[in-house]
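In the working numbering, the protein residues as written are 61 to 382. We put the CB at the ideal spot given by N, CA and C, even for glycine.
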């Protein structure tokens, strides 16, 4: 039996999706700390907002939705195409604690209610998560449950983004050693966190493309993610190049993913360009990249409506709606 969503959450997913397919083709540009580093120490707040606006405005013409942040992205949200849905990030950039014990914090003075008031269709919440981190994993699951409840109280769906990391400070996430464990980590993360109440999972590819080029292995791992997850999941780009992400997305959608939520693979070269060069890049290279990804998501991805039924109504439904 399909889960029935509340009106706001169902409309939020509809507004964020490719309407004919009920799949997701979402552009992400919610970077903050890494964005400042990308643009250099001399970049002003106004410049950071303007670059984000130019990129988001261009890509929103085709994307099913855009994910951005309240720090640099709200002006961009007001300039983007009205046909695209809007997701806003809730978490603070980065993490507290050390590299092997990563704690998530919320943006101060920023709430689900404010995200609803700002006109967003959904909330994105990112956590660094490892299912074997013991008490920290339990603490994060409790935090996720609290955030989800607050978002659902505002009738906003939640896109939950768990990012894996190494529990051993001596073992890099980019290493072959971590790559061996990564499929199991991503699959178990999907199993556990898809049962926290989040509406959609935003997941990294379970196989590290830098360590494993076997697409059959990618497909098998993505099928296991799909089997483990109780909710729809979308693939994030995690900073890989476009050609790599296009390959990953083809495999993931064929194995049950419901589309993508990708950023730098589409637009990263454009950020440091001049405004004129950026406009040319966005109208040419970035637009072609996005169109290619949207075609895959529309054709091959699993509809999120396979998981969720629309709400039903009677003549007095609104009296008890809260």
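Collapsing the DSSP output to three states places residue 67 in a helix. Beta-bridge analysis with DSSP links residue 246 to no other residue.
By the neighbour-count criterion, in which 16 or more other beta carbons inside 10 Å mark a residue as buried, residue 95 falls on the buried side. Taking a 10 Å sphere around the C-beta of residue 120, we find 16 or more other C-beta atoms and assign the residue as buried.
Between residue 144 and residue 125, the C-beta spacing is below 7 Å. In the assembly as shown, residue 327 is a buried residue. Its beta-carbon has 16 or more other beta-carbons within 10 Å.
Residue 292 places its beta carbon 7 Å or farther from that of residue 82. DSSP places residue 186 in the strand class (E or B) of the three-state scheme. Residue 369 is bridged by DSSP to 64. Rounded to the nearest angstrom, the gap between the Cα atoms of residue 309 and residue 356 is 7 Å. The beta carbon of residue 285 is closer than 7 Å to those of 246, 247, 250, 263, 266, 293 in its chain, skipping five residues each way along the sequence. The three-state reading of DSSP puts residue 126 in strand, counting E and B together. In the structure shown, the three-state DSSP call for residue 300 is coil.
Between residue 368 and residue 65, the C-beta gap is smaller than 7 Å, which places the two residues in contact. Taking C-beta atoms under 8 Å as the contact rule, residue 323 and residue 88 qualify, at a distance of about 4 Å.
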